[in-house]
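Student: Residue numbers (the UniProt record's numbering): 1 to 153.
(1) How about the segment 80-90 and the segment 48-66: do they share at least three Cβ pairs that are nearer than 8 Å?
(2) So for residue 39, helix, strand or coil by DSSP?
(3) Ordered along the chain, which non-local residues of its own chain (more than five positions away) have a Cβ less than 6 Å from that of residue 103?
(4) Please classify residue 94: does DSSP put it in a helix, a strand, or coil?
(5) For the alpha helix (DSSP H) that residue 124 lies in, which residues bound it at each end?
(6) How is the alpha helix (DSSP H) around residue 8 delimited, first residue to last?
(7) Quick one: Cα of residue 50 to Cα of residue 21, how far?
(8) Contact between the segment 103-114 and the segment 31-41 is defined here as three or more beta-carbon pairs at a separation below 8 Å; is this criterion met?
(9) Does DSSP put residue 20 in a helix, in a strand, or in coil?
(10) Counting only runs that start and end within the segment 39-66, where is the beta strand (DSSP E) found for 3 or more residues in a row?
(11) In or out: residue 74 buried (at least 16 other Cβ within 10 Å) or exposed?
(12) Starting from the C-beta of residue 111, find all residues in its chain whose C-beta is less than 7 Å away, skip the five residues before and the five after it, and write them out in chain order.
(13) Return helix, strand or coil for residue 72, following the three-state DSSP convention.
(14) What does the alpha-carbon distance come out to for the pair residue 25 and residue 80?
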């Protein structure tokens, strides 16, 4: 079986996800690739190609998280999140170049916190408004999610 072939179930999940759910899927994918890269870094004989690939995929997702911010809705919050994503991106670049487990660990901590915060916001919003999730229209985010989450490393 081809590990790079898109999973039809996952593709459907992404294509029918609300914008909020898609962002959560992006966090999940980014954390997955960070953890895989971190795991490989800790090996006695690390696979540097796998490390590079995982960190590059995580970086791509962080860029998507940053570019998908709606600065019109809340400029101050988006500015802070953009700075955070820039910092996480830099941690991943440095972890990859320097083979630094500490830096990827810090990136994972920050991403886990952001994911948890996003999930709590989704739960509170759903409880306050009822579950009125629509389908997403951001094709770029959909494609990033499909390509990054459907591949196993």
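Even for Gly, the Cβ is constructed at its ideal location relative to N, Cα and C.
Tutor: The relevant details are as follows:
(1) Because the criterion of three Cβ pairs below 8 Å is met, the segment 80-90 and the segment 48-66 touch.
(2) For the purposes of this step, residue 39 is taken as residue 39 along the chain shown, with counting starting at 1. When secondary structure is reduced to three states using DSSP, residue 39 falls in the helix class.
(3) As a first step, residue 103 is located in the chain shown; it is residue number 103 there, counting from the start. Around residue 103: 91, 94 and 95.
(4) By 1-based counting over the chain shown, the position of residue 94 is 94. Here residue 94 sits in helix by DSSP.
(5) The residue given as residue 124 occupies position 124 in the chain shown. Note, residue 124: alpha helix (DSSP H), 101-129.
(6) Working through the chain shown from its first residue, we reach residue 8 at position 8. Unbroken alpha helix (DSSP H) run through residue 8: 8-15.
(7) Locating residue 50 in the chain shown gives position 50, where the first residue counts as 1. Locating residue 21 in the chain shown gives position 21, where the first residue counts as 1. It is roughly 28 Å from the alpha-carbon of residue 50 to the alpha-carbon of residue 21.
(8) Touching, per the Cβ criterion.
(9) Translated into positions along the chain shown, residue 20 becomes position 20. The answer is helix: DSSP assigns residue 20 an H, G or I state.
(10) DSSP runs (the beta strand (DSSP E)) wholly in the segment 39-66: none.
(11) Here residue 74 corresponds to residue number 74 of the chain shown, with the count starting at 1. Exposed, since its Cβ has fewer than 16 Cβ neighbours within 10 Å.
(12) Numbered from its first residue, the chain shown carries residue 111 at position 111. Residues of the same chain with a CB within less than 7 Å of the CB of residue 111, apart from the 5 flanking positions on each side, are 27, 30, 31, 34 and 88 in chain order.
(13) Taking the chain shown and counting its residues from 1, the one referred to as residue 72 is at position 72. Coil at residue 72, not helix or strand.
(14) Position 25 of the chain shown, counted from the start, is the residue given in the question as residue 25. Position 80 of the chain shown, counted from the start, is the residue given in the question as residue 80. Answer to the nearest angstrom: the Cα atoms are 21 Å apart.
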